[in-house]
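Residue numbers (my numbering): 6 to 150.
Glycine residues also receive a C-beta, built at the ideal position from the N, C-alpha and C atoms.
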Amino acid sequence: MSEKIVYTTAAVNTGARAGESHSPDHSYEVNIDVPKEMGGEGNGTNPEQLFAMGYSACYHAALDHYKEEENIDNDSQVTLTVHLHKDPEDGGFKLSVEIEVGMKDMPEEKVQTLADKAHTFCPYSKATKGNMDVTVKAIPYVEGK
């Protein structure tokens with residue numbers, strides 16, 4: 006890869022889906038647990054939740070980029086849902102993602118246009134392109150969501 010690296014991070018995990026993950030300097034630590042829906046205790050977060058949080062924040066930053074480019078200061082919200090599926094090809098699992106974007110006092114068609122642009126710009130979207138099903142959908146803005 007010849008592009009200039011502008012930031013690097015890492016995470017350390019022990020115990021897989023029933024353990025803990027932390028940054029190498031221990032400034033951030035989380036307990037990881039199997040969700041109740043998968044037979045676990047559900048006493049911690051899980052990789053899918055962490056992926057959803059990271060992807061939603063990154064995607065929202067990409068959306069803000071295009072809002073700024075078009076001088077739009079309407080409040081926006083991004084809800085990113087991660088689904089864990091059984092993978093019939095190898096018996097393991099795979100992910101799919103739904104991205105829902107709402108913007109206060111903005112026509113749905115305009116929100117969809119901005120949402121689609123953000124999807125082409127977001128580093129997570131670029132990384133997942135062709136690797137998982139991702140849908141992007143404009144939805145009504147919900148105050149206080």
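If you draw a straight line from the Cα of Thr140 to the Cα of Ser7, it comes to about 30 Å.
With 16 or more other Cβ atoms from the protein chains shown falling within 10 Å of its own Cβ, Ile104 counts as buried.
Between the alpha carbons of Glu74 and Thr14 lies a gap of roughly 28 Å. Apart from the 5 residues on each side of it in sequence, Leu119 sits with its Cβ closer than 7 Å to the Cβ of Leu68, Tyr71 and Lys72 in its chain, given in chain order. Counting along the chain, the unbroken alpha helix (DSSP H) around Ala66 starts and ends at Pro52 to Glu74.
Under the three-state reduction of DSSP, Thr19 is assigned to strand. For Ser101, the enclosing beta strand (DSSP E) starts and ends at Phe98 to Met108. In this structure His31 is exposed. Its beta-carbon is surrounded by fewer than 16 other beta-carbon atoms within 10 angstroms. Under the three-state reduction of DSSP output, Val116 falls in the helix class. Assignment of His27 by DSSP, reduced to helix, strand and coil, places it in the strand class. When secondary structure is reduced to three states using DSSP, Ser81 falls in the strand class.
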